[in-house]
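Here's the structure we're looking at; comments come further down.
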Amino acid sequence: MAALALQYALNGLATGSLYVLVALGIVILYRTSRILNFAHGDVATFGTFVAFTLITRLGVAPPLAYLVTLGVTGFLGAGFYYFILRRAKEATLLGQIVITLGFALVLNGIVVVLWGADTKVFPSLLSETKVYHLGTIVISQLSLGSLLVGFLLMALLYVLVQSTKVGLAMRAVSQNPLAAQTLGIPTRRVLALSWGVASALGVSAGILLAPVTLLDPFMMLDPFLKGFAAAVLGGMDSPPGAVVGGLALGVVESLFGGFVSVAFKATLAFAIIVLVLTIRPEGLFGREYKKRV
Amino acid sequence: MELRERYEEELALVRGLPAWMGMLAALAALVLFPLFTPRYLVYIATLMAIHTLIALGLNLLTGYTGQISLGHAGFVAIGAYTAGILMARAGVPFPLALLASGFSAAFFGFLLGLPVLRLTGPYLTIATLGFGIAVHQGLTNWEALSGGRMGLFVPKPAVGPWVLTSEASLYYLTIGIAGLLTWIAYNLVRSHIGRAFVAIRESDVAAEVMGVNLTVYKTLAFALSAFYAGIAGALQGHLLGYLEPQMFTLFESIYYFSMIVVGGLGTIPGSILGAILMTVLPQVLSGLREWLPVVYGSIIILIMLVEPWGLYGRWIRIKWWLKTWPL
Amino acid sequence: MGRFLWRVLALAVAGVMLAGPTLTGAQERGITPTEVVLGSSMPLSGPAAYWGAVGKGIDAYVKYVNDQGGIHGRKLRFVLRDDSYLPPRAVANVRELVERAGVFAIVGLIGTANAFAVRDYIVQNRVIWITPTADSSIWAGFRQKRYLFVTYPSYVHEGAILTRYAAEKLGVKNVAVFYQNDLYGQKGLLGVKRAVAALKGAVKLVSAVPYELVVTDLSSHALKLRESGADAVILYATPRHGALIVREMAKIGYRPRLLASFTLTDPIMFTLAGEAWDDVYLTAFFPLPGTDPKVDETLQILFRYDPTLRANPFNSVAGVAFLEPFLEGLRRAGRDLTTDRFISAMETIRNWDGQVIRGVTFGPDRRQGINRIYIVRAEKGRYTKLTDWIEYPVEF
Numbered sequence: 129m130a131a132l133a134l135q136y137a138l139n140g141l142a143t144g145s146l147y148v149l150v151a152l153g154i155v156i157l158y159r160t161s162r163i164l165n166f167a168h169g170d171v172a173t174f175g176t177f178v179a180f181t182l183i184t185r186l187g188v189a190p191p192l193a194y195l196v197t198l199g200v201t202g203f204l205g206a207g208f209y210y211f212i213l214r215r216a217k218e219a220t221l222l223g224q225i226v227i228t229l230g231f232a233l234v235l236n237g238i239v240v241v242l243w244g245a246d247t248k249v250f251p252s253l254l255s256e257t258k259v260y261h262l263g264t265i266v267i268s269q270l271s272l273g274s275l276l277v278g279f280l281l282m283a284l285l286y287v288l289v290q291s292t293k294v295g296l297a298m299r300a301v302s303q304n305p306l307a308a309q310t311l312g313i314p315t316r317r318v319l320a321l322s323w324g325v326a327s328a329l330g331v332s333a334g335i336l337l338a339p340v341t342l343l344d345p346f347m348m349l350d351p352f353l354k355g356f357a358a359a360v361l362g363g364m365d366s367p368p369g370a371v372v373g374g375l376a377l378g379v380v381e382s383l384f385g386g387f388v389s390v391a392f393k394a395t396l397a398f399a400i401i402v403l404v405l406t407i408r409p410e411g412l413f414g415r416e417y418k419k420r421v
Numbered sequence: 218m219e220l221r222e223r224y225e226e227e228l229a230l231v232r233g234l235p236a237w238m239g240m241l242a243a244l245a246a247l248v249l250f251p252l253f254t255p256r257y258l259v260y261i262a263t264l265m266a267i268h269t270l271i272a273l274g275l276n277l278l279t280g281y282t283g284q285i286s287l288g289h290a291g292f293v294a295i296g297a298y299t300a301g302i303l304m305a306r307a308g309v310p311f312p313l314a315l316l317a318s319g320f321s322a323a324f325f326g327f328l329l330g331l332p333v334l335r336l337t338g339p340y341l342t343i344a345t346l347g348f349g350i351a352v353h354q355g356l357t358n359w360e361a362l363s364g365g366r367m368g369l370f371v372p373k374p375a376v377g378p379w380v381l382t383s384e385a386s387l388y389y390l391t392i393g394i395a396g397l398l399t400w401i402a403y404n405l406v407r408s409h410i411g412r413a414f415v416a417i418r419e420s421d422v423a424a425e426v427m428g429v430n431l432t433v434y435k436t437l438a439f440a441l442s443a444f445y446a447g448i449a450g451a452l453q454g455h456l457l458g459y460l461e462p463q464m465f466t467l468f469e470s471i472y473y474f475s476m477i478v479v480g481g482l483g484t485i486p487g488s489i490l491g492a493i494l495m496t497v498l499p500q501v502l503s504g505l506r507e508w509l510p511v512v513y514g515s516i517i518i519l520i521m522l523v524e525p526w527g528l529y530g531r532w533i534r535i536k537w538w539l540k541t542w543p544l
Numbered sequence: 358m359g360r361f362l363w364r365v366l367a368l369a370v371a372g373v374m375l376a377g378p379t380l381t382g383a384q385e386r387g388i389t390p391t392e393v394v395l396g397s398s399m400p401l402s403g404p405a406a407y408w409g410a411v412g413k414g415i416d417a418y419v420k421y422v423n424d425q426g427g428i429h430g431r432k433l434r435f436v437l438r439d440d441s442y443l444p445p446r447a448v449a450n451v452r453e454l455v456e457r458a459g460v461f462a463i464v465g466l467i468g469t470a471n472a473f474a475v476r477d478y479i480v481q482n483r484v485i486w487i488t489p490t491a492d493s494s495i496w497a498g499f500r501q502k503r504y505l506f507v508t509y510p511s512y513v514h515e516g517a518i519l520t521r522y523a524a525e526k527l528g529v530k531n532v533a534v535f536y537q538n539d540l541y542g543q544k545g546l547l548g549v550k551r552a553v554a555a556l557k558g559a560v561k562l563v564s565a566v567p568y569e570l571v572v573t574d575l576s577s578h579a580l581k582l583r584e585s586g587a588d589a590v591i592l593y594a595t596p597r598h599g600a601l602i603v604r605e606m607a608k609i610g611y612r613p614r615l616l617a618s619f620t621l622t623d624p625i626m627f628t629l630a631g632e633a634w635d636d637v638y639l640t641a642f643f644p645l646p647g648t649d650p651k652v653d654e655t656l657q658i659l660f661r662y663d664p665t666l667r668a669n670p671f672n673s674v675a676g677v678a679f680l681e682p683f684l685e686g687l688r689r690a691g692r693d694l695t696t697d698r699f700i701s702a703m704e705t706i707r708n709w710d711g712q713v714i715r716g717v718t719f720g721p722d723r724r725q726g727i728n729r730i731y732i733v734r735a736e737k738g739r740y741t742k743l744t745d746w747i748e749y750p751v752e753f
């Protein structure tokens with residue numbers, strides 16, 4: 129029983145680490161531009177399909193293909209912000225959400241038109257059938273790899289935001305865009321950069337996920353919703369919150385699915401979040417803002 | 218500027234002969250519409266009226282009170298299943314079942330409103346989104362109640378001795394209810410309730426300081442909004458004659474949400490315009506096959522770029538332009 | 358309002374009421390001397406777009422039939438619309454197809470929800486309806502079936518046949534079901550339960566694990582199946598989820614006997630599931646590609662007319678299987694085509710073999726065109742036929 133619970137927890141951790149990557153992207157965007165990006169999942173899906181074409185159709189070596197994909201997707205996200213979203217200056221926050229929804233529809237449509245709606249096998253450097261045994265617990269090479277790459281990306285992001293000049297600018301913009309602009313920080317470029325970084329994070333989740341869940345135009349729908357939920361659980365403007373929220377969500381969900389009910393897994397995830405939010409309306413790690421009237 | 222001499226004039230929704238003529242022309246067009254058009258257009262018009270009801274309710278919550286909801290399909294589902302179950306299993310007459318569907322959805326709206334009182338923005342989005350998913354999973358898995366994925370056939374509505382089987386009769390029923398609830402919404406938003414909603418939207422702290430009871434008015438907004446959705450759900454069940462949980466997914470909620478934003482937040486004509494456009498658009502485009510989402514999404518982006526206040530915003534600008542035209 | 362306006366209004370209403378009922382034409386809907394119009398509404402976008410290949414297969418085959426000269430001098434015109442798998446849109450599409458495009462017949466419609474939402478409308482308007490792709494057992498006991506012709510198997514009977522085969526031929530004692538939590542999976546599960554009850558203790562149903570279509574993480578599902586201790590798992594899933602669960606089970610070292618619904622005979626399974634799709638027992642309701650020259654020939658025709666169908670051979674050839682009886686009905690009805698003549702012609706079809714579908718029988722009181730399946734085994738990218746046709750009762 130204990131071993132089984134541990135196995136469920138480990139599975140949850142592997143899934144949760146991908147929720148974290150999605151959640152981090154959402155948090156970065158929300159922190160810097162206060163926008164809920166509903167196209168986040170579809171941008172990632174689009175990028176993953178680009179990687180698929182590079183590797184299987186054009187024969188590009190996978191590591192190079194991953195790098196190219198990160199770049200392409202980063203530019204796609206930044207371009208969407210710079211050329212479309214930024215133009216909607218008068219738009220309300222809800223209006224901006226609807227623009228991202230429209231963008232999600234367009235991207236998803238393009239993926240179906242270009243690549244078809246059928247499921248595809250996404251090649252991976254790591255094997256899914258090769259497994260490591262820790263007593264009675266099993267983890268596949270692929271899951272272990274994703275877990276490690278996930279944590280590596282989180283660390284890289286931490287370094288980028290906390291100890292580089294660009295990161296400092298990003299933090300400045302997120303705290304007070306007007307003051308940042310006055311101080312000579314190129315706000316628009318910093319915002320576009322945040323969109324690029326967030327999109328690249330999203331597509332790295334997609335690339336890690338695709339070998340496990342197979343490549344499909346709707347493969348990011350569920351991870352996106354869960355990542356969004358994880359971001360909210362942790363607190364929308366807190367990257368450490370996104371990490372904790374994503375891992376916690378993955379583990380709890382897996383345990384609940386294993387021991388209580390598989391059918392109500394998704395409901396549970398959201399029930400927990402509502403419960404947490406009634407106690408802490410800003411999420412686990414979110415800052416409470418004192419509003420001035 | 219016209220001069221208003223009496224309080225009743227101040228209260229009137231329609232003022233002046235041209236406005237009355239326009240109003241009557243619109244009403245006449247609505248009444249005569251099914252007589253001149255093929256039945257599939259009558260069906261689409263009925264669907265529009267149902268979407269209008271949902272958009273009106275959602276706009277009361279999101280546009281007026283500033284509370285975002287991405288779980289409205291849940292309320293529509295609750296309304297649809299309440300009416301469906303009451304009529305199919307218990308033989309409750311239609312008018313009663315319709316009211317019950319509105320009130321049961323409103324009750325769930327009130328219930329959802331309580332735990333999310335302190336939530337805003339993305340936190341509220343996720344909480345309401347979760348509500349929609351919970352309703353969907355509940356209906357899927359509680360087969361004894363809902364029929365599960367086997368679905369539930371809904372009998373045709375009957376008002377007294379008249380059974381409404383034809384498209385036109387369902388159309389008149391829906392348009393009548395939509396008209397009544399639109400009128401109620403107009404009066405609601407300019408009453409003290411509407412003013413309290415707007416105050417909460419602008420600043421909930423300031424509203425509370427001025428004596429608006431947040432608990433009462435926020436849950437009221439949820440309940441009212443859900444009432445509209447519930448009534449719309451019951452009507453949709455009758456229009457399709459069949460209910461299945463898959464009709465009420467997150468996609469529907471997102472679709473309702475885009476209706477009010479594209480139409481115009483915090484305006485009643487905006488709700489109507491948005492509902493009409495977003496119902497017609499996929500229908501007109503459905504021959505495009507897999508290109509549909511690409512074109513549909515582009516149109517939504519374009520509308521929001523050109524007119525951030527939605528379709529109604531554009532109409533207001535046109536009106537301003539006409540007023541000052543010769544200048 | 359002035360008296361004048363009232364008069365205008367009354368006149369208008371009276372005029373319309375007089376003009377209204379005279380709109381019905383003498384000609385049959387959807388038939389002209391040179392053309393027969395058929396239509397369908399399918400998910401070509403959205404999460405169920407995968408199944409849209411059924412419609413595209415029909416589209417390609419219709420083009421082929423037209424290039425062969427059509428039927429009795431008439432070309433076929435196929436109007437295909439997208440409904441994104443949303444019932445309100447499917448209803449609007451079907452109504453528009455019937456009332457504006459004026460179709461003679463509706464082919465397909467995917468999913469029970471869509472089929473049930475348009476059912477009454479189609480019956481009332483006397484539209485020929487060929488094979489809605491939903492479990493055929495939903496029509497059992499349906500009385501207004503005059504215009505309906507179905508060549509789709511029953512998941513209930515399929516589930517029962519699979520269970521029986523597992524118990525009697527494979528010596529399975531404990532069986533588990535992994536199923537999609539909609540009518541497709543639930544009907545399959547129902548069949549398994551019925552067979553387990555009928556076999557009186559020879560086999561036990563130890564676990565039934567549902568999944569939702571949007572879910573992609575099936576690790577806890579696989580663990581649950583393993584913990585149930587079943588020595589066989591029956592799959593009612595999409596190809597994607599079927600592949601995911603067998604891979605996930607292989608990963609944790611759980612290798613039960615696998616049995617699956619005919620929807621997983623899609624050759625894509627060998628690519629998606631890899632070596633995990635070895636030694637799997639499935640059913641089929643028409644000869645599978647690679648086992649029958651006529652079916653292979655049909656596939657080549659489809660690929661020629663629409664190369665994108667290569668990605669989705671099973672669904673596109675299934676589209677042909679649904680369309681074929683309709684074409685045969687047109688041939689039998691002759692040049693002088695009306696709805697009633699077409700129905701009489703369809704009712705003469707007895708044990709008829711098409712390019713893809715075999716052994717179709719309709720009759721004055723029979724609308725269930727096929728009532729048999731056979732069992733195949735998947736092995737190293739190929740299917741071998743294990744049994745002869747297994748019949749099940751005709752229900753409608």
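Protein chains in written order, with the working numbering: chain X, 129 to 421; chain F, 218 to 544; chain P, 358 to 753.
Virtual Cβ for every residue (Gly too), placed ideally from N, Cα, C.
Residue-level contact by beta carbon holds for P/T573 and chain X, with a gap shorter than 8 Å. Residue F/P312 holds the alpha-carbon nearest to the alpha-carbon of F/T391 among F/L346, F/P312, F/L369. By the Cβ criterion, the stretch 440-447 of chain P is in contact with the stretch 461-480 of chain F, since at least three pairs of Cβ atoms, one from each stretch, lie closer than 8 Å. The continuous stretches of beta strand (DSSP E) do not include P/D623, and DSSP gives it neither H nor E. The beta carbons of P/G647 and P/Y568 sit no closer together than 8 Å.
Secondary structure note for P/T741: its beta strand (DSSP E) is the uninterrupted segment 739-742. By the C-beta density criterion, P/A630 is buried, having at least 16 other C-beta atoms within 10 angstroms. The beta carbon of P/T469 falls within 8 Å of a beta carbon belonging to chain F, placing the residue at that interface. In the DSSP assignment, P/M399 falls within the unbroken beta strand (DSSP E) covering 392-399. Residue state for X/I265 is assigned as strand, using DSSP reduced to three classes. Under the 8 Å criterion on CB atoms, P/P664 is classed as non-interfacial with respect to chain F.
At least 8 Å separates the beta-carbon of X/L253 from that of X/P351.
X/G363 and X/T406 have their alpha carbons spaced roughly 13 Å apart. For F/R366, no beta strand (DSSP E) encloses it, and the DSSP letter there is neither H nor E. Across the set X/Y147, X/A130, X/L138, X/A142, the C-alpha of X/Y147 shows the shortest separation from the C-alpha of X/L353. Straight through space, the alpha carbons of P/L656 and P/Q712 are spaced by roughly 10 Å. DSSP places X/T257 in the coil class of the three-state scheme, outside both helix and strand. X/P251 and X/L182 have their C-alpha atoms some 11 Å from each other. In this structure, DSSP gives P/E385 a state outside helix and strand, which the three-state scheme calls coil. Under the Cβ distance rule, P/V448 counts among the residues neighbouring chain F, one pair being separated by less than 8 Å. Taking a 10 Å sphere around the C-beta of F/I535, we find fewer than 16 other C-beta atoms and assign the residue as exposed. In this chain, F/V309 is not harboured by any beta strand (DSSP E), its DSSP state being neither H nor E. Distances from the CA of P/A523 to each of P/F435, P/P390, P/R604, P/T640 were compared; the closest alpha carbon is that of P/T640. For F/E227, the enclosing alpha helix (DSSP H) starts and ends at 224-228.
Per DSSP, F/S475 lies in no beta strand (DSSP E) segment; the continuous alpha helix (DSSP H) that holds it begins and ends at 467-480. In the DSSP secondary-structure assignment, P/F506 is bridged to P/I487.
Within the stretch 355-373 of chain X, the residues whose Cβ lies closer than 7 Å to some Cβ of chain F are F356, A357, V360, M364, listed in chain order.
By the rule that beta-carbons nearer than 8 Å mark a contact, X/G223 touches chain F.
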